[in-house]
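The numbers in the sequence shown follow our numbering, run straight up by one, and end at 488.
Since the structure comes first, as structure tokens, the remarks are kept for the end.
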Amino acid sequence: MREVDYLLVGQGICGTLLSRELLQAGNSVMVIDDHSPSAASMVAGGIINPVTGMRMVRSWMIEELLPFAKKTYEDIGAEFGVQLVRLCPILDIHVTQDARSLFVDRMPGEQDYLHEEEEGQWKEYFRFNYGINRIAPSLLVDLQGMLQQWRSKLKANDAIIEEAFDLAHCTIAPDHVVYENIKTRKIIFCEGAAGGQNPYFDLLPWTADKGEALIVSIPGLPRDHIYKQGISIVPWKDDLFWVGASHDWKYTDLEPSASFTKSVETQLSYWLKLRFEIVDHIVARRPANMERKPFVGLHPLFSSVGIFNGMGGKGISMAPYFAHEFALHLAGKISLTPSVDVRRFTKILSSKNYG
Ligand SMILES: Cc1cc2nc3c(=O)[nH]c(=O)nc-3n(C[C@H](O)[C@H](O)[C@H](O)COP(=O)(O)OP(=O)(O)OC[C@H]3O[C@@H](n4cnc5c(N)ncnc54)[C@H](O)[C@@H]3O)c2cc1C
134 MREVDYLLVG QGICGTLLSR ELLQAGNSVM VIDDHSPSAA SMVAGGIINP
184 VTGMRMVRSW MIEELLPFAK KTYEDIGAEF GVQLVRLCPI LDIHVTQDAR
234 SLFVDRMPGE QDYLHEEEEG QWKEYFRFNY GINRIAPSLL VDLQGMLQQW
284 RSKLKANDAI IEEAFDLAHC TIAPDHVVYE NIKTRKIIFC EGAAGGQNPY
334 FDLLPWTADK GEALIVSIPG LPRDHIYKQG ISIVPWKDDL FWVGASHDWK
384 YTDLEPSASF TKSVETQLSY WLKLRFEIVD HIVARRPANM ERKPFVGLHP
434 LFSSVGIFNG MGGKGISMAP YFAHEFALHL AGKISLTPSV DVRRFTKILS
484 SKNYG
């Protein structure tokens, strides 16, 4: 029987950053991950945008989350000798006069993030009638690169099992958990959208949110900005661009949809003055929830069972900060931020017969 301090299920951004924090704190860790093609972290654009939504509202806790995330990704990059994060301003290319007015109206109150932009230089690349503004600082993270680097490190340390976790093979006791030939103090579920089917946490207020993006070749488009007009054009690997994303809360399958391709193709044909070619179409479920706040912490009835999930569409900004907080909490050093602590759902999680 192999003994580890923590067993983590899932190596998306949540499992990656929490396992790193736990290891840094001196724990032993084993991660199990089945490389699901619909893992959100594998298709995410990599953007940290401080001001989001139709109403240009400052993202929750962004003053703390953005600098913490930047430092975390810089540190991980330095560990592996690669660049994982860079400042990448977002150009908001307004689609209507109303959209421009809304941005301009918000500028005095959001001087840290909303700025004027010199438009002339962008006329070579885009058709636009209502002007351009800039959102900065915003970050672009090579999430898939980070996950690959971390997976290699876990493999080298014999700390990852690359297969599906099966709860039927798990015995949960108050002070330990046994999974096949592994004994651990605690099991922490970092399963992304699959967490909605986990019998320990299925009563949390999950929502389904399918997201699609296209990978597009756009020769000649500068790679030092993110371009946004409803959808975003984001620098991606191999000189390509990621273009997305959709939100579909009523999906019936996780297949790439022809309607998404058609609508993006139509928009790009009008918007871009450059030639483009679609080379791939990627899809995943976001681990979204009705509160738009993470699920972090130990189950109120099973103290050997935890969760690190619920990042919705903002895992890249939220996961670094709360992975750190969760690791400190597990070490008994701090309390969790109440609005992310999964024990805010104690009543509903206690209403179930766990057999
Ligand atoms: C199209 C799209 C674009 C996005 N763009 C952005 C963006 O620009 N910025 C941003 O901040 N966020 C973005 N997001 C959201 C972001 O992707 C998520 O918040 C984040 O990736 C969630 O990470 P996670 O680790 O919780 O889940 P996941 O990335 O889904 O990882 C879960 C992992 O658990 C594994 N797993 C699950 N169940 C099991 C099991 N039983 N056994 C073994 N392994 C298991 C899966 O294989 C997977 O590897 C986007 C999402 C989508 C869909």
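We treat Cβ as the ideally placed atom computed from N, Cα and C, and that holds for glycine.
Is it buried or exposed for residue i, if we count other Cβ within 10 angstroms and need 16 for buried?
| i | result |
| --- | --- |
| residue 345 | buried |
| residue 94 | Here the chain has residues from 134 to 488 only, and residue 94 is not among them. |
| residue 486 | exposed |
| residue 442 | buried |
| residue 288 | exposed |
| residue 480 | exposed |
| residue 157 | exposed |
| residue 177 | buried |
| residue 279 | buried |
| residue 310 | buried |
| residue 466 | exposed |
| residue 173 | buried |
| residue 399 | exposed |
| residue 451 | buried |
| residue 434 | exposed |
| residue 375 | buried |
| residue 427 | buried |
| residue 370 | exposed |
| residue 285 | exposed |
| residue 319 | buried |
| residue 395 | exposed |
Please go through the same chain and pick out, in chain order, the residues whose beta-carbon is closer than 7 Å to the beta-carbon of residue i, but skip the five residues on each side of it.
| i | result |
| --- | --- |
| residue 350 | 373, 409, 410 and 412 |
| residue 380 | 342 and 344 |
| residue 477 | 471 |
| residue 313 | 302 |
Can you name, in chain order, every residue of its own chain whose Cβ lies under 6 Å from the Cβ of residue i, other than the five neighbours on each side?
| i | result |
| --- | --- |
| residue 334 | 328 and 440 |
| residue 231 | none |
| residue 161 | 137 and 138 |
| residue 206 | 217, 218 and 274 |
| residue 402 | none |
| residue 270 | 220 |
| residue 415 | 176 and 346 |
| residue 462 | 469 |
| residue 240 | 247 |
| residue 393 | 345 and 379 |
Tell whether a beta-carbon distance below 8 Å holds between residue i and residue j.
| i | j | result |
| --- | --- | --- |
| residue 298 | residue 406 | no |
| residue 438 | residue 474 | no |
| residue 249 | residue 224 | no |
| residue 164 | residue 315 | no |
| residue 171 | residue 183 | no |
| residue 181 | residue 272 | yes |
| residue 377 | residue 274 | no |
| residue 228 | residue 362 | yes |
| residue 141 | residue 294 | no |
| residue 283 | residue 153 | yes |
| residue 148 | residue 167 | no |
| residue 397 | residue 359 | no |
| residue 323 | residue 145 | yes |
| residue 460 | residue 151 | yes |
| residue 325 | residue 214 | no |
| residue 211 | residue 449 | no |
| residue 436 | residue 307 | yes |
| residue 267 | residue 338 | no |
| residue 382 | residue 340 | yes |
Tell me which residues share the same chain as residue i and place their Cβ nearer than 8 Å to its Cβ, disregarding the 5 neighbours each side in the sequence.
| i | result |
| --- | --- |
| residue 255 | 224, 226, 261 and 265 |
| residue 484 | 336 |
| residue 464 | 158 |
| residue 391 | none |
Is the shortest distance between the beta-carbon of residue i and the beta-carbons of chain B less than 8 Å?
| i | result |
| --- | --- |
| residue 261 | The chain inventory of the structure shown lacks chain B, comprising one protein chain alone. |
4 or more residues per run - each alpha helix (DSSP H) lying fully within the region 246-291
276-289
Is there contact here, the region 350-364 with the region 384-394, by at least three beta-carbon pairs under 8 Å?
no
Using a Cβ distance threshold of 8 Å, determine whether the region 418-429 contacts the region 301-308, with at least three qualifying pairs required.
no
For the region 450-468 against the region 194-209, do three or more pairs of beta-carbon atoms, one drawn from each stretch, fall closer than 8 Å, so that the two count as touching?
yes
Secondary structure, beta strand (DSSP E): runs of 3+ residues fully inside the region 389-432:
410-422 and 428-431
Whole runs of the alpha helix (DSSP H) within the region 203-252, excluding any shorter than 4 residues
230-239
Going residue by residue through the region 135-177, where are the continuous beta strand (DSSP E) segments of at least 3 residues, counting only ones entirely within it?
135-142 and 162-165
Whole runs of the alpha helix (DSSP H) within the region 309-350, excluding any shorter than 4 residues:
none
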